[in-house]
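Step one of this worksheet: look at the structure below.
Protein chains: 2
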Amino acid sequence: MGMHAMAMRFLHLVEASATPDDLAAAMAAVTEELGFQYFALTHHVDILAARGTAIRLHNYPAQWADYYDANVLGLSDPVHRASHVTSKGFCWSSMAMMIPLTAADLRLLRLGREQGLGDGFTVPANVPGEARGSCSFANQAGRPMPELMLPLAQLAGIFAFEAARRLWTGRGRLQDPRPPALTDRQRDCALLVGRGKSDWEAAQILGISEETVACHVRQACERHGVNKRTLLVVQTLFDGTLTFTDLFRR
Amino acid sequence: MGMHAMAMRFLHLVEASATPDDLAAAMAAVTEELGFQYFALTHHVDILAARGTAIRLHNYPAQWADYYDANVLGLSDPVHRASHVTSKGFCWSSMAMMIPLTAADLRLLRLGREQGLGDGFTVPANVPGEARGSCSFANQAGRPMPELMLPLAQLAGIFAFEAARRLWTGRGRLQDPRPPALTDRQRDCALLVGRGKSDWEAAQILGISEETVACHVRQACERHGVNKRTLLVVQTLFDGTLTFTDLFRR
DNA sequence: GCCGCTATCCCGGAAAAGGGGGATATCAGC
DNA sequence: GCTGATATCCCCCTTTTCCGGGATAGCGGC
Numbered sequence: 022m023g024m025h026a027m028a029m030r031f032l033h034l035v036e037a038s039a040t041p042d043d044l045a046a047a048m049a050a051v052t053e054e055l056g057f058q059y060f061a062l063t064h065h066v067d068i069l070a071a072r073g074t075a076i077r078l079h080n081y082p083a084q085w086a087d088y089y090d091a092n093v094l095g096l097s098d099p100v101h102r103a104s105h106v107t108s109k110g111f112c113w114s115s116m117a118m119m120i121p122l123t124a125a126d127l128r129l130l131r132l133g134r135e136q137g138l139g140d141g142f143t144v145p146a147n148v149p150g151e152a153r154g155s156c157s158f159a160n161q162a163g164r165p166m167p168e169l170m171l172p173l174a175q176l177a178g179i180f181a182f183e184a185a186r187r188l189w190t191g192r193g194r195l196q197d198p199r200p201p202a203l204t205d206r207q208r209d210c211a212l213l214v215g216r217g218k219s220d221w222e223a224a225q226i227l228g229i230s231e232e233t234v235a236c237h238v239r240q241a242c243e244r245h246g247v248n249k250r251t252l253l254v255v256q257t258l259f260d261g262t263l264t265f266t267d268l269f270r271r
Numbered sequence: 022m023g024m025h026a027m028a029m030r031f032l033h034l035v036e037a038s039a040t041p042d043d044l045a046a047a048m049a050a051v052t053e054e055l056g057f058q059y060f061a062l063t064h065h066v067d068i069l070a071a072r073g074t075a076i077r078l079h080n081y082p083a084q085w086a087d088y089y090d091a092n093v094l095g096l097s098d099p100v101h102r103a104s105h106v107t108s109k110g111f112c113w114s115s116m117a118m119m120i121p122l123t124a125a126d127l128r129l130l131r132l133g134r135e136q137g138l139g140d141g142f143t144v145p146a147n148v149p150g151e152a153r154g155s156c157s158f159a160n161q162a163g164r165p166m167p168e169l170m171l172p173l174a175q176l177a178g179i180f181a182f183e184a185a186r187r188l189w190t191g192r193g194r195l196q197d198p199r200p201p202a203l204t205d206r207q208r209d210c211a212l213l214v215g216r217g218k219s220d221w222e223a224a225q226i227l228g229i230s231e232e233t234v235a236c237h238v239r240q241a242c243e244r245h246g247v248n249k250r251t252l253l254v255v256q257t258l259f260d261g262t263l264t265f266t267d268l269f270r271r
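See the structure below:
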């Protein structure tokens, strides 16, 4: 089968998943087709503390997963750290060229190998403002890295993570309860609020009166069903009305 | 040629680029092979203000690029905002389902069409702590979207952005190295601030006095060099100290 | 033992935000 | 011509934040 056909089939497989279990089954199949044994689709958080709110699917050996969770490795795992310095998938063997590996990192990697984990390929999945995440594929120690499949693994990782985001948060769903749109002026004001300006300062910048700014901010808050400017900023950042790039310009 | 061969050729093409001009030439070739006419590989910043420190390569019509830069659209462009809410490439036609489009957004899209830009496909490229970026491919209005090439376009976009990062990294990175760490209690307070609680409410929740909360909030603000609780929330969200998942979790 | 960091609590004044109440003008759509 | 949405401006009052001061106590490192 050609690569395009495989890519589309992976996409449809993971997009058809209606539950995390579905997705896990789909990923197990995809992983096998890619020439890997293990997959891990996860947010980089303390998975025990996050309790179901964070993405977490894998078919790693249970023993390894337990050790991993018990030591909150989701936060310090060098594979995850490396995935924070690139937007492209990478082989674990090249991690050392991406981030400095500490003694603890090397111990962890050695321990993983002892428990049967060999080389792997990790696709970063970073969405601004959300927990960082990734999709990894790995093999038992000794099995060769399926080099020819890496472009497909990159695609599969992205598709899988988006499918997981859809299942976990409902975001990315392509038919929606649409978030309340703000008027241009309300967005202007929300932007300045997000930059920490007072109503008076925003008024100077926009060349209007303080009361008008306060009015726009209040109405923007109403649309988002909140009563604090801080929450307005959080909501607008979350729904994409504002971005960090907007807030930090200049 | 098979899809895998094309993907690898794209990868080698962009990785072989030694200068931005090389990369632009490589991208022009890739774009054509993908069935598109235009590409834009860019950080989402005020490109005139960023002056060479930000990635910016494209072959859009000059007239459009000038208008775009003059109006600092790199920051408010709905295509860019949409690329901040996903990690997967998307067609511009599905943007309305991803983010709320304001009147200004619709005006901008109409203007683009008038200047010959039709539908496009944008690959987000987000690396935590760096400016958000993306790689877009677009066609003249009227030309069909090359659906079969979209998986390849996704890969090409990622490869290209990483190649650009490699080229630009030598000329100054866009990140500050060390986000100020908060103490546990400061983080607790920042979290409650991000949930819109007043100091008094946070005090009730944490079982301490209002003044103590105010003190933690103030010190957390100091560490981030800000003087408003709204900015504290923005900063902690940006640097990953807090995530939306934290804020919305109950 | 001292120092720095953390966490806790307290005060007071100035500034800002939050939540009411109004008003007028424009513009698009029916 | 009316209606609704938008944008603008004004007043008042309460609550909250912001920014100076303070103080005490535990804990870990040098």
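So the protein lines, in turn, are chains A and B.
Start counting the first sequence at 22; every next residue gets the next number (the numbering used here).
Start counting the second sequence at 22; every next residue gets the next number (the numbering used here).
C-beta: ideal position from N, C-alpha, C; glycine also.
Please work out which residues of its chain come closer than 6 Å, Cβ to Cβ, to residue i, disregarding the five sequence neighbours upstream and downstream, and give them in chain order.
i       : result
H101(B) : H65
R134(A) : A162
V51(B)  : F31, A177
V234(A) : C210, D220, A223, A224
P198(A) : Note that P198(A) scores a pLDDT of 44, beneath 50, so its modelled location is shaky; the value from the coordinates is reported in the next line. Contacts found: none.
Nearest to residue i by alpha carbon, out of the options?
i       : options                            : result
L78(A)  : S104(A), F111(A), L44(A), N147(A)  : L44(A)
F182(B) : S157(B), M170(B), Q161(B), G163(B) : S157(B)
A211(B) : G228(B), Y89(B), R128(B), R239(B)  : R239(B)
G163(A) : L138(A), P172(A), L173(A)          : L138(A)
A75(A)  : A152(A), C242(A), W221(A)          : A152(A)
T63(A)  : F57(A), L188(A), A235(A), E232(A)  : L188(A)
R30(B)  : R128(B), M119(B), E54(B)           : E54(B)
F57(B)  : M119(B), F111(B), L171(B), T40(B)  : L171(B)
D205(A) : F265(B), Q175(B), T233(B), D126(B) : D126(B)
Between residue i and residue j, what straight-line distance do the alpha-carbon atoms span, to the nearest angstrom?
i       : j       : result
S230(A) : A159(A) : 60 Å
N248(B) : L203(A) : 27 Å
F142(B) : F60(A)  : 28 Å
R208(B) : S104(B) : 29 Å
I179(A) : A49(A)  : 15 Å
M166(A) : D140(A) : 7 Å
R186(A) : W113(B) : 20 Å
L252(A) : R128(B) : 28 Å
Y88(B)  : R131(B) : 14 Å
D90(B)  : A46(B)  : 22 Å
E168(A) : M119(A) : 19 Å
E36(B)  : M116(A) : 18 Å
E243(B) : D98(A)  : 30 Å
F111(A) : Q175(B) : 16 Å
N80(A)  : S155(B) : 32 Å
E232(B) : F269(B) : 25 Å
H33(A)  : G228(A) : 51 Å
R250(A) : C236(A) : 12 Å
From which residue to which residue does the alpha helix (DSSP H) around residue i run?
i       : result
F57(A)  : Here F57(A) belongs to no alpha helix (DSSP H), and DSSP marks it neither H nor E.
L188(A) : 171-190
G133(B) : 124-135
H79(A)  : H79(A) -> not in any alpha helix (DSSP H); beta strand (DSSP E) instead, spanning 77-79.
A159(B) : Per DSSP, A159(B) belongs to no alpha helix (DSSP H); it is in the beta strand (DSSP E), 154-161.
M24(B)  : 24-36
A103(A) : 99-103
Among the residues of its own chain, which have a CB less than 7 Å from the CB of residue i, if the five just before and after it don't count?
i       : result
Q136(A) : P82, Q84, W85
Q256(A) : H245, V247
R173(A) : The sequence shown places Leu at residue 173(A), rather than the Arg named in the question. Cβ neighbours of L173(A) beyond the five flanking positions: M24, M27, A28, L55.
A241(B) : L203, Q207, C210, A211, L253
A184(B) : V35, E36, S38, L44
P41(A)  : L78, L188
T123(B) : none
T190(A) : none
So, at 8 Å on beta carbons, what are the nonlocal neighbours of residue i in its own chain, with the 5 sequence-adjacent residues on each side left out?
i       : result
S108(B) : P145, N147
D267(B) : L212, G215
L263(A) : R208, A211, L212, G215, V254, T257
I226(A) : L213, K218
P149(A) : T264, F265
Determine the extent of the beta strand (DSSP E) in which residue i is found, giving its start and end residues.
i       : result
L138(B) : 138-146
> In chain order, which alpha helix (DSSP H) runs of at least 4 residues are fully inside the segment 212-256 of chain A?
Replying inline: List check, alpha helix (DSSP H) in window: 220-227, 231-245.
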